[in-house]
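Trainee: Those protein sequences? They're chains A and B, same order as listed.
Under my numbering, read the first sequence as residues 1 to 242, first letter to last.
Under my numbering, read the second sequence as residues 243 to 1015, first letter to last.
Using N, Cα and C, we set each Cβ at its ideal position, and we do this for glycine too.
Because the structure is a prediction, the values reported are computed rather than measured.
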Amino acid sequence: MSGKPPPALEVSALRYETPGRVLLDDVELHLAQGESAAVTGPSGSGKSTLLSCLLGLIRPAAGRITIAGTDIGRLSPRRLARHRRDTTGMVFQFGELLPELTPVENVALAALLAGTGRKDAFGRARQLLDDLGVPAVGTPTADLSGGERQRTAVARALVNRPTLLLADEPTGALDERNRENVADLLFSLPGRWGCAVLVVTHDVTVAARADRRYALSDGVLTPAATSQSYRAAVNLPSGGAR
Amino acid sequence: MSRDRTRPLTRQLLRIGHTAGQGATGGQIRFVALACATLALAVTFAVMAATWATYEEREARGSARSPQLRAMNSATGSPQLLWKGTGDSIGDRQFEVVHIAPLTTNAPLPPGLDHWPAPGEAVLSPALLAEGSGEGIRDRYGRYAGEIGADGLASPGERLAYVRPADGALTKQNAYPVYGFGLPAPWALGDLALVRPLPVFLSLLAVFLLLPAGLLTVVAARLGATGRDRRTALLGALGASRRQVALLSLGEAGRPVLLGTALAVPLAALGLLFDLRLPWTGYLVAAADLRAHAGVLTAGLLAAPVLVAAAVVCFHPPSGQGRSTRPLGGARSRLVKVAAGLCPLFLLILSWFPATAGRSEARTAMTLVLMAGIVGTLATLPAVIALLISAAGRAVAALGRRRGAPGTLLAGRWTVGRPGYLARLVAGVVIAVGLLCVVQVYPSMSSAFVQGAREARAELGFSMLTVEAHSASAERVDQWLRAVPPGTRAVGYTSTLDPVDVGSTDSGSGGSESGSRSTTGTAGATGSSSGDEIRLNAVLRGECPVLATLGLPCPRAEGASLDVPVSSAAPAARRLLSGVGPAGEVTVVRGSPTGGEKGAVMVLVSSDGRDLPLYDLKRTARAQLGPLTAVDPLGQAWIGGAQLVADQLRWVPLLGTMGVVLVALSAALNNLAEIMRFARAIAPLSVLSGSRRVYAAVAAWTLMVPLCVAAVWGVIGGVWITLPFTVPPRNGVLPGATLALVVAVLVALSGVLAAIAARGAVREAERWRPQQD
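#1: Considering just the uninterrupted stretch of the beta strand (DSSP E) at LYS326 of chain B, what are its terminal residues?
#2: With a cut-off of 7 angstroms, does the C-beta of PRO926 of chain B fall near any C-beta of chain A?
#3: Under the rule that 16 or more other beta-carbon atoms within 10 Å means buried, what is SER367 of chain B, buried or exposed?
#4: Which residue marks the beginning of the alpha helix (DSSP H) containing SER48 of chain A, and which one marks its end?
#5: If distances are taken between C-alpha atoms only, which option among B:ALA534, B:ARG533, B:ALA495 comes closest to VAL555 of chain B?
#6: Verify whether the separation of the beta carbon atoms of LEU876 of chain B and ALA700 of chain B is less than 7 angstroms.
#7: Would a C-beta distance cut-off of 7 angstroms place GLY833 of chain B and GLU800 of chain B closer than the cut-off?
#8: Who are the Cβ neighbours of ARG300 of chain B in its own chain at under 6 angstroms, not counting the five residues just before and after it?
#9: Put TYR16 of chain A into one of helix, strand or coil per three-state DSSP.
#10: With 8 angstroms as the limit, tell me which residues of the stretch 49-66 of chain A have their beta carbon closer than that to any beta carbon of chain B; keep them in chain order.
#11: Is THR88 of chain A closer than 7 angstroms to PRO162 of chain A when the C-beta atoms are compared?
#12: Tell me whether MET613 of chain B is buried or exposed, calling it buried when 16 or more other Cβ atoms sit within 10 Å of its Cβ.
#13: Would TRP294 of chain B pass as an interface residue toward chain A - the criterion being a Cβ-Cβ separation below 7 angstroms?
#14: According to a CB-to-CB cut-off of less than 7 angstroms, which residues of the stretch 97-126 of chain A neighbour chain B?
#15: Which partner residues of VAL719 of chain B appear in the DSSP bridge assignment?
#16: Determine, using beta carbons only, whether GLY646 of chain B comes closer than 7 angstroms to chain A.
#17: As a quick exercise: from A:ALA111, A:THR49, A:GLU17, A:GLY44, pick the residue whose alpha carbon is nearest that of LEU166 of chain A.
#18: Got a sec, what are the start and stop residues for the beta strand (DSSP E) GLY388 of chain B sits in?
#19: To which residues of the same chain is LEU132 of chain A closer than 6 angstroms at the C-beta, ignoring the five residues directly before and after it?
#20: What residues from chain A crowd round GLY659 of chain B, counting only those whose CB sits closer than 8 angstroms?
#21: Buried or exposed for SER992 of chain B, going by 16 or more other Cβ atoms inside 10 Å?
#22: Determine whether the Cβ of ARG1005 of chain B lies closer than 7 angstroms to any Cβ atom of chain A.
#23: Whole angstroms are fine: how far does the CA of ILE591 of chain B sit from the CA of GLY618 of chain B?
#24: Judging by CA-CA distance, which residue of B:PRO250, B:VAL340, B:VAL954, B:SER331 is the nearest neighbour of LEU323 of chain B?
#25: With a threshold of 7 angstroms on Cβ separation, who are the neighbours of VAL274 of chain B within its own chain once the five nearest residues in sequence on each side are excluded?
#26: Quick one: what's GLN336 of chain B bridged to in DSSP?
#27: Terminal residues of the continuous beta strand (DSSP E) containing MET706 of chain B?
#28: Can you pull the chain B residues whose beta carbon is under 9 angstroms from the beta carbon of CYS212 of chain A, in chain order?
#29: In this structure, what does DSSP give as the bridge partners for THR730 of chain B?
#30: Helix, strand or coil for SER803 of chain B per DSSP?
#31: Given VAL578 of chain B, which residues of its chain have a CB within under 7 angstroms of its CB, disregarding the five upstream and five downstream residues?
#32: Here's the rule: buried if 16 or more other CB atoms are within 10 angstroms of the residue's CB, otherwise exposed. What is GLY572 of chain B?
#33: Just checking, does the stretch 358-376 of chain B make contact with the stretch 499-512 of chain B on the three C-beta pairs under 8 angstroms criterion?
#34: Contact between the stretch 914-926 of chain B and the stretch 882-899 of chain B is defined here as three or more beta-carbon pairs at a separation below 8 angstroms; is this criterion met?
#35: Does ARG59 of chain A come out as helix, strand or coil in the three-state DSSP assignment?
#36: Can you check whether the C-beta of LEU930 of chain B is within less than 7 angstroms of a C-beta belonging to chain A?
Structure, rendered in structure tokens:
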């Protein structure tokens, strides 16, 4: 048997349509573990639909989505939920944290919901928040800064050790300094934790940090300029965050 | 032309409204709420219409059977029959026995009778026959001659007897000469004497059903209004007219409102088709009465959807509320704390009241203090409960964290920051249960006479009976007494109430023989007085054996009398003489119970303390001493009166429980929106983690537990605020069974609501999608 791990994400010939409209058309996407990619596109281009398909929340009309070697289209709803829990993490634009909980509880909650034992869940949560520089206790979640909140959200997405991390406009609600920090953090994750990262964003400077960049327009996903040439175009240092 | 264009637009707007309602956040909960509100209103209006119909028909039949004491209309100038109503009891329930005797060959019959019973025959209502079967009711008034027809009964469950005594037993001296039947206004006869007036009953329905149903309607109309308000504002900006906006709202509410109405229709149909016996009260509602006013009933049913639709169109809450998932802060939380701080003050007022009220002369001021204590307690207790639950939230969160239970952790943390939500959630239940306790206990307060009568019944059973045979001669009485079962002894009893000079009441103690005295008229008079106190003077007249049974000394000579302290008599006699008081005296006369005079009032005493054969004695006394003779256990009048009040009050727990359920439903639905917002906040997390159970835990902790705690604390608060009514001298009783029923219903309801909330939250989660596009 080969020791090579399966690709984190493999999308082939993906098509999704609503009556009278094709939202995703023949989408192809490949992402190995330890790699990052960014998808940019204007509003209504189908970015959120693509994320919903990757999460298995909507069923495509055609095509195949494989995450960590498993074709999610063949899974029953129960097994799909379990597979999603075990392989996929997600970071949202507004963090979607619960202000009532402390940062460590917010992170540990995701692990607890996934069935992790109490000690493990809180231990991992504390470790991740330490690594990401967020005060785990003492400061209520509601009092965290925007950047700290988004880093907490990243920690929560990582707590179940996902193979694939999806990020939906993760810097959309942040000021410039925090945006840079969070973008750097996200694109450093493949190197630090070995997962694949797929970021959906409007922001070309954020997208430029990815290993590969795609543009989604009218449901068609096309490779955009290579990272190197794009970095040069937007005056980013070569090699990005990695 | 324009109409052609309007029609499709109207349909279109209704359809868009319907679709918007289906897609709206919490749409299912609003659907349930609107359906429940329409059902509650429809049932309430139907019940009110049915009440009105029942009163109308009952009074119409009551009027038709009321005796005419004067010649009316074209009636002949001479009386046609003799008529006399008296009372009797089955168990402790009183009912009417009407004695009738024709004076002419074509004397009119009362409604419900198709022929004149023969002398010595009785016609009974079906309910009396059924309920009195164990007490020999069939033969009590003579030979049984059939049942009274429905048109002769005020209501199907009425207990009533028409008796034609033996010829000559009714006379113009002991009965009314009557010209016929039918009066514009009914006599208070039979059930008409037992029911409260229509306005009183409708007020009860208004308080316990209409108000809560109205509250539920307002809550349902406003539920999830944030999204609708935004839509309304948007449509307004796009130039939509008020009518068009209203059509959208109606389209959204149409189906649940129709469903609620449709659910009420079978209930109303049941009432129209069958006589229904109501739970708890046992009242039998006549289907024929409702059919006679089916139009009013239908109008009541149809008014409900119209009102709910109007509420949906008209109620627009202030916009911008409740969009935050952040804990409520500042002012609201402070208000809850201030209210909670005031609660002990009101509790103290209530616990201090009974001791003080007995001494206080300033009754009005004390009543105001009492009211302030009750209202203040009910208003502030929810705040205390909310703070307690909120404080318990910390422990719940700690428990969740210790056990690694995410739902418990979430619910605990969420509860800590929301005392305002909790206060709103529990307030309705606490206030409703508290008020129910007050209305339960207030009318149950009984006088010392009823208390004494109940104690006497418990102690004596049927071993001491009173006999009133006002028209029987002494010979007939003596003859009857000779035939009573062995061990039955009789003593004549006469009592008078006389004013007493407070300064000269001490007439000495101990027995003092003073020759014979009359046992009629003003026996035992203590002389004239200018004082305002009165004293009961009692004279007992009997032979030595019965006086011995009563623990009383027997005067030496026939006809001689003794004044004996009541305190020296046997316990049974002390019960009989309780009105005289333990420090008073009774005059004992040796002789026959009747004293040889007509119109005996006697007491039958069992020589061995065992029960006397009450029902046999009732029957034989009527047969031999005259149809108007009454034989009853000691204190029956007090107990019967109290039973009547108790029967009337059985409506309160029935209606009160329904009201409390509606209030609790309103409170819970009103707060479901809050829970749904929380559910939406955790939706992304639960979708990614594949966990749905967390919603059940959250719903249980945030909805079910507070409602259950509120139900239990509502009862505790209710017991506390009724404290001034349940201690002597008021002696009110708080029925434990009713309170247990209310708590059980609320616990069940809170479980159902938590299940609905959890299901709604799971559906919300299932609909969640990343939406940044």
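Mentor: In this structure, then:
#1: Here the question's residue 326 of chain B lines up with position 84 in the second sequence. DSSP places LYS326 of chain B inside the beta strand (DSSP E), whose first and last residues are 323-332.
#2: Translated into positions along the second sequence, residue 926 of chain B becomes position 684. Output row for PRO926 of chain B: interface = yes.
#3: Here the question's residue 367 of chain B lines up with position 125 in the second sequence. With 16 or more other Cβ atoms within 10 Å, it is buried.
#4: The count along the first sequence starts at 1 and reaches residue 48 of chain A at position 48. That run of the alpha helix (DSSP H) goes 47-55.
#5: By 1-based counting over the second sequence, the position of residue 555 of chain B is 313. The residue with the shortest Cα to Cα distance from VAL555 of chain B is B:ALA495.
#6: On the second sequence, residue 876 of chain B is found 634 positions in, with the first residue counted as 1. On the second sequence, residue 700 of chain B is found 458 positions in, with the first residue counted as 1. In this structure, ALA700 of chain B does not lie closer than 7 angstroms to LEU876 of chain B by Cβ.
#7: Translated into the one-based positions of the second sequence, residue 833 of chain B becomes position 591. Translated into the one-based positions of the second sequence, residue 800 of chain B becomes position 558. Yes. Within cutoff.
#8: Your numbering for residue 300 of chain B matches position 58 in the second sequence. For ARG300 of chain B, where only same-chain residues beyond five positions count, the Cβ hits under 6 angstroms are ALA396, SER397.
#9: Residue 16 of chain A sits at position 16 when you count from the first residue of the first sequence. The answer is strand: DSSP assigns TYR16 of chain A an E or B state.
#10: THR49, LEU51, SER52, LEU55, LEU57, ILE58
#11: Against the first sequence, residue 162 of chain A aligns to sequence position 162. Against the first sequence, residue 88 of chain A aligns to sequence position 88. Going by C-beta atoms, PRO162 of chain A is nearer than 7 angstroms to THR88 of chain A.
#12: By one-based count along the second sequence, residue 613 of chain B stands at place 371. Looking at its Cβ environment, which holds fewer than 16 other Cβ atoms inside 10 Å, MET613 of chain B is exposed.
#13: Within the second sequence, the letter at position 52 stands for residue 294 of chain B. Not one chain A Cβ lies under 7 angstroms of TRP294 of chain B.
#14: LEU98, PRO99, GLU100, LEU101, GLU105, LEU109, ALA110, LEU112, LEU113, ALA114, GLY117, ARG118, ALA121
#15: Translated into positions along the second sequence, residue 719 of chain B becomes position 477. DSSP, once it has assigned bridges, lists no residue as partnering VAL719 of chain B.
#16: Here residue 646 of chain B is taken as the residue at index 404 of the second sequence, counted from 1. Taking CB atoms only, GLY646 of chain B has a neighbour in chain A less than 7 angstroms away.
#17: Within the first sequence, the letter at position 166 stands for residue 166 of chain A. Cα-wise, what sits closest to LEU166 of chain A is A:THR49.
#18: To locate residue 388 of chain B, count along the second sequence from 1; it is residue 146. It spans 385-389 - the beta strand (DSSP E) in which GLY388 of chain B sits, taken as one unbroken run.
#19: Position 132 of the first sequence holds residue 132 of chain A. Hits under 6 angstroms: ARG151, ALA155.
#20: In the second sequence, counting from the first residue as 1, residue 659 of chain B sits at position 417. Here the neighbours are GLU100.
#21: As a position in the second sequence, residue 992 of chain B is number 750, starting the count at 1. Classification of SER992 of chain B: buried, given that the 10 Å Cβ count is 16 or more.
#22: Numbered from 1 along the second sequence, position 763 holds the residue referred to as residue 1005 of chain B. So no, ARG1005 of chain B is outside the interface.
#23: By 1-based counting over the second sequence, the position of residue 618 of chain B is 376. By 1-based counting over the second sequence, the position of residue 591 of chain B is 349. Approximately 10 angstroms, taken between the alpha carbons.
#24: For the purposes of this step, residue 323 of chain B is taken as the residue at position 81 of the second sequence. Nearest option by C-alpha distance: B:VAL340.
#25: The count along the second sequence starts at 1 and reaches residue 274 of chain B at position 32. Excluding positions up to five away in sequence, the list reads ILE998.
#26: On the second sequence, residue 336 of chain B is found 94 positions in, with the first residue counted as 1. Bridge partners of GLN336 of chain B: B:SER331.
#27: Here residue 706 of chain B refers to the residue found at position 464 of the second sequence. MET706 of chain B -> beta strand (DSSP E) spans 706-711.
#28: The residue given as residue 212 of chain A occupies position 212 in the first sequence. With the sequence shown as reference, residue 212 of chain A is identified as Arg, and Cys is not the correct amino acid for it. Chain B residues near ARG212 of chain A: none, gap ~21 angstroms exceeds 9 angstroms.
#29: For the purposes of this step, residue 730 of chain B is identified with residue 488 of the second sequence, where counting begins at 1. Answer is B:SER848, bridged to THR730 of chain B.
#30: Stepping through the second sequence from its first residue, residue 803 of chain B is reached at position 561. Note: SER803 of chain B maps to strand in three-state DSSP.
#31: Mapped onto the second sequence, residue 578 of chain B falls at position 336. Taken in chain order, the residues that qualify are ALA625, ALA628, LEU629, PRO661, GLY662, ALA665.
#32: Walking along the second sequence from the start, residue 572 of chain B turns up at place 330. Unreliable positioning characterises GLY572 of chain B in this predicted model, as indicated by a pLDDT of 47, which lies under 50. The coordinate reading is nonetheless provided below. Its Cβ having fewer than 16 others within 10 Å, GLY572 of chain B is exposed.
#33: Under the three-pair Cβ rule at 8 angstroms, the stretch 358-376 of chain B does not count as touching the stretch 499-512 of chain B.
#34: no
#35: Walking along the first sequence from the start, residue 59 of chain A turns up at place 59. In this structure, ARG59 of chain A counts as coil in the three-state DSSP scheme.
#36: Reading the second sequence from its first residue, position 688 is the one you call residue 930 of chain B. Output row for LEU930 of chain B: interface = yes.
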